[in-house]
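Peer 1: The structure that follows is given in the form of structure tokens.
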Amino acid sequence: MFRKSKIALVAAVIIVFGEFNQGRAETLVTDLSQHLIEITSQFSGRELLLFGALERHAMESIQSDDITVQGLDYDIIVVVQSSPTDVVIRKKNKVAGIWINSEDQIIRGVPGYYVIGSTRPLDEFLSKKDQSELGLGLENLRIVNDDGEEIKEYKEALIRNMIENGLYKESSGNVMIKDEILFRANLAFPSNMPVGNYTADVYLVRDSKVIINHRTDLLVDKRGLERFIFNFAHDYPPYYGIIVVILAISIGLFTGFVAKKVA
Amino acid sequence: MQIYLPIAELSMNIFVLLAMGGGVGFLSGIFGVGGGFLMTPLLIFSGVPPAIAVASQASQITAASVSGAVAHWRRGGVDFKMGLVLIGGGVVGTYFGTMIFTYLREIGQVDLMISLAYVVFLGGIGFLMFIESIRRIIQNLRGITPKVERRQRTWIDALPFKMRFRKSKMYISVIMPLAIGGLVGVLSAIMGVGGGFVMIPAMIYLLHMPTNVVIGTSLLQITFVTAATTYLHSINTQTVDVVLAMVLLTAAVIGAQVGVIVGAKLKGEQLRILLASMVLIVCAKMAYDLVVEPKDLFTVSAISSEGL
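Order-wise, the sequence lines are chains D and X. FYI, the numbering used here numbers position 62 of the first sequence as 63, with every residue one higher than the one before it. FYI, the numbering used here numbers position 195 of the second sequence as 203, with every residue one higher than the one before it.
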């Protein structure tokens with residue numbers, strides 16, 4: 002069964018991990034191929050691999066008749082989201098013949114990035130009620146204004162807008178389970194992903210019940226020059242402004258000088 | 009090849025940016041305008057947030073204009089005294105312009121204001137220029153040489169605080185150039201333009217400056233006013249993306265040098281009708297977007313970057 006040394010290593014982890022979960026029938030280990038996404042000047046999005054292994058505790062359930070059936074019933078849900086942020090959603094209305102922003106709602110605590118993937122469509126293996134309780138899926142994001150009201154058209158607008166910008170995504174069939182023990186999901190992050198702390202949650206589902214969930218952290222941060230520029234612009238605006246102006250004038254003058262020599 | 013813009017927080021294709029910068033720089037060299045009225049809509053259309061587009065490419069206009077200004081200065085086409093008066097008005101205008109911009113951004117009306125400003129100013133100026141150019145061309149075709157009329161005295165000549173501008177051979181009140189400079193400063197801050205499309209006609213039709221110093225002097229003023237815009241936006245909104253600006257302006261200054269050479273070979277009327285057509289096209293596009301129902305009535309923006 003353990004054909005590769007990598008798998009053996011994962012298995013070793015599972016066994017150790019399993020010691021602490023005697024009461025459960027399964028254990029789950031997950032990890033990301035990288036825990037830090039560095040945004041550099043060439044950054045154009047990044048692909049990460051979320052992978053892991055699950056073990057069915059064959060030792061314990063060996064006598065159980067339904068072990069083979071169990072094995073076939075696993076489903077995995079993966080949710081990657083950034084830490085919550087505040088947004089303002091504005092609605093245009095036609096005023097005197099032109100379209101003007103005339104209504105708005107401030108929504109606090111929504112993820113700036115939310116991607117959910119699973120082995121199959123969620124509805125096929127998890128009840129609507131459970132999905133809602135666990136906050137799984139775009140539909141179950143808590144999008145309310147300061148009065149705690151959820152306004153349908155604003156919620157739909159936010160989700161539509163974020164999907165269009167590649168920041169929200171709902172898909173299924175993109176989490177693969179192999180040999181009933183290994184699973185993997187390719188995560189593709191767009192270049193406009195917000196910086197900050199992210200979490201990757203993995204839910205293991207069997208018999209329409211989430212039996213285990215496991216969270217992995219991910220940090221997205223600007224690095225090197227990009228980080229320096231951003232911080233400098235926000236911490237020392239007057240110096241930043243002057244430097245940009247000096248650079249602009251120098252480059253302009255230099256080119257003029259060169260052009261004069263060339264011409 | 010993608011390049012990440014640290015302030016805009018997104019990545020763009022560097023060749024697209026270079027092409028946009030070079031193209032707009034070329035036009036700026038030909039017409040003596042900063043090219044902002046093309047660049048701002050182009051950037052917004054490419055997905056750069058409007059506030060970042062406006063603030064970042066002000067510095068691009070600075071660079072394009074300073075090389076253009078130097079090129080014109082070498083040919084004796086800059087009235088420095090008039091330039092100083094216009095800059096004085098312009099810097100004050102920029103100060104108020106960035107204040108208006110910051111306020112409108114907070115209440116979510118900055119995009120509307122940008123569009124309206126484009127429609128009103130580009131539409132008005134473009135229309136006047138277009139009519140004027142057509143009139144000239146028809147006159148030329150009929151072989152009528154426009155009479156060099158002695159300029160009519162108007163209320164402008166009655167204003168106080170007169171000053172002598174030797175280079176332009178004028179003796180006029182400073183109030184008018186100050187006011188024009190101030191208006192251009194406001195437009196620079198709120199539209200991300202140099203304001204050449206307002207200043208050049210104003211210099212020709214209101215101040216009656218000699219055409220040979222108009223473009224050089226306007227470039228001088230644009231250089232300083234857009235520098236002030238860059239600086240004030242850096243302080244007030246932190247929306248100046250230095251990477252975006254540097255890529256655009258490096259391409260733009262090279263384009264501008266080529267543009268100056270080409271522009272010197274074209275006739276004044278041809279230049280004006282070309283510029284007028286471009287101004288009207290951009291204006292029509294802006295007006296169309298205001299009137300036609302948007303694809304999505306809702307827009308989402310992060311609060312942290314709006315300063316709420």
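For every residue, glycine included, the Cβ atom is placed at its ideal position computed from N, Cα and C.
#1: I'd like the list of long-range same chain contacts for Gly53 of chain D, defined as Cβ closer than 7 Å, with 5 residues on each side in sequence excluded.
#2: How many angstroms separate the CA atom of Ala186 of chain D from the CA atom of Ile213 of chain D?
#3: Within the same chain, show all residues whose beta-carbon is closer than 6 Å to that of Glu104 of chain D, passing over the 5 residues directly before and after it, in chain order.
#4: Entirely within the segment 93-181 of chain D and at least 3 residues each: give me those beta strand (DSSP E) ranges in chain order.
#5: Ile40 of chain D versus chain X: which residues are under 7 Å apart at the beta carbon?
#6: Give the DSSP bridge partners of Ile77 of chain D, in chain order.
#7: Cβ atoms of Ile144 of chain D and Ile160 of chain D: under 9 Å apart, would you say?
#8: Mind reading off the beta-carbon distance from Asn193 of chain D to Gly167 of chain D? Whole number of angstroms is fine, and I expect it under 8 Å.
#9: If we count Cβ pairs, one from each stretch, closer than 8 Å, do we get three or more for the segment 230-237 of chain X versus the segment 59-79 of chain X?
#10: Buried or exposed for Leu50 of chain X, going by 16 or more other Cβ atoms inside 10 Å?
#11: Hey, is Pro302 of chain X's beta-carbon within less than 9 Å of any beta-carbon in chain D?
#12: Are the C-beta atoms of Gly315 of chain X and some chain D residue less than 9 Å apart?
#13: Assign Glu48 of chain D to one of three DSSP states: helix, strand, or coil.
#14: Using 10 angstroms around the beta-carbon of Phe44 of chain D, count the other beta-carbons present and answer buried if the total reaches 16, otherwise exposed.
#15: Count the C-beta pairs between the segment 87-99 of chain X and the segment 277-284 of chain X that are closer than 8 Å, then say yes if the count reaches three, no if not.
#16: So who's on the other strand from Tyr199 of chain D, going by DSSP bridges?
#17: Compare the C-beta of Thr69 of chain D against all C-beta atoms of chain X and say whether one is closer than 9 Å.
#18: Using a Cβ-Cβ cut-off of 9 Å, state whether Met178 of chain X counts as contacting chain D.
#19: Since Thr307 of chain X is in the alpha helix (DSSP H), which residue starts that stretch and which ends it?
#20: If I'm right that Val79 of chain D touches Gly118 of chain D with Cβ under 8 Å, what's the distance once you round it to whole angstroms?
#21: Starting from the beta carbon of Asp105 of chain D, find every residue of chain X whose beta carbon is closer than 8 Å, and list them in chain order.
#22: In this structure, does DSSP put Gln10 of chain X in helix, strand or coil?
#23: With distances taken Cα to Cα, identify the nearest neighbour of Gln10 of chain X among X:His80, X:Thr219, X:Leu252.
#24: Taking all protein chains shown into account, decide if Thr237 of chain X is buried (16 or more other Cβ within 10 angstroms of its Cβ) or exposed.
#25: Whose CA, out of D:Leu205, D:Asn232, D:Phe258, lies closest to the CA of Thr120 of chain D?
#26: By the 7 Å beta-carbon criterion, what residues does the segment 214-233 of chain D contribute toward chain X?
#27: If you draw a straight line from the alpha carbon of Val62 of chain X to that of Thr48 of chain X, how long is it in whole angstroms?
#28: Give me the subset of the segment 280-291 of chain X whose CB atoms are less than 8 Å from a CB atom of chain D, sorted by chain position.
#29: If you drop the 5 nearest sequence neighbours on each side, which residues of the same chain put their C-beta closer than 8 Å to that of Ile108 of chain D?
#30: Does any residue of chain D have a CB that is nearer than 9 Å to the CB of Tyr239 of chain X?
#31: Have a look at the DSSP bridge pairing and note the partners of Leu55 of chain D.
#32: In angstroms, rounded to a whole number, what distance separates the CA positions of Val111 of chain D and Glu157 of chain D?
#33: Using 8 Å as the cut-off, can you tell me whether the segment 195-202 of chain X makes contact with the segment 118-132 of chain X, which would need three or more C-beta pairs spanning the two stretches below that distance?
#34: Candidates D:Tyr169, D:Ile252, D:His215: which alpha carbon is nearest Leu51 of chain D's?
#35: Write down the C-beta distance between Ala260 of chain D and Gln265 of chain X rounded to the nearest angstrom, noting that I regard them as a contact closer than 8 Å.
#36: From which residue to which residue does the alpha helix (DSSP H) around Met184 of chain X run?
Peer 2: So, from the listed chains and residues:
#1: Leu29, Val30, Thr31, Asp32, Phe184, Val203
#2: 17 Å
#3: Lys92
#4: 99-112, 115-119, 169-171, 176-179, all fully within the segment 93-181 of chain D.
#5: Residues of chain X passing the Cβ test: Tyr12.
#6: D:Leu205
#7: yes
#8: Confirmed, about 7 Å.
#9: yes
#10: buried
#11: yes
#12: Note that Gly315 of chain X scores 38 on pLDDT, short of 50, meaning its location in the model is unreliable; the coordinates nonetheless yield the value given after this. Not closer than 9 Å to any Cβ of chain D, the Cβ of Gly315 of chain X fails to qualify, so no.
#13: Looking at Glu48 of chain D - three-state DSSP - the assignment turns out to be strand.
#14: buried
#15: In short, these stretches do not touch, since the Cβ pair count stays below three.
#16: Its beta-bridge partners are D:Ser83, D:Leu219.
#17: With a pLDDT of 43 at Thr69 of chain D, under the threshold of 50, the predicted position of this residue should be treated as unreliable, though the coordinate-derived value follows. At a cut-off of 9 Å between C-beta atoms, Thr69 of chain D does not count as an interface residue with respect to chain X.
#18: Residue-level contact check: Met178 of chain X does not touch chain D, since none of the beta carbons of chain D fall below 9 Å from its beta carbon.
#19: Taken as a continuous stretch (DSSP letters only), Thr307 of chain X belongs to no alpha helix (DSSP H), being part of the beta strand (DSSP E) at 306-310.
#20: 5 Å
#21: Those within 8 Å of Asp105 of chain D in chain X are Gly116.
#22: strand
#23: X:Leu252
#24: buried
#25: D:Leu205
#26: Lys223, Glu227, Ile230, Phe231
#27: 6 Å
#28: none
#29: Asp87, Val88, Val89, Ile90, Ile144, Val145, Asn146, Tyr155, Leu159
#30: Yes, contact with chain D.
#31: D:Leu29
#32: 13 Å
#33: Proximity of the segment 195-202 of chain X to the segment 118-132 of chain X meets the contact definition, three or more beta-carbon pairs being nearer than 8 Å.
#34: D:His215
#35: 4 Å
#36: 183-199
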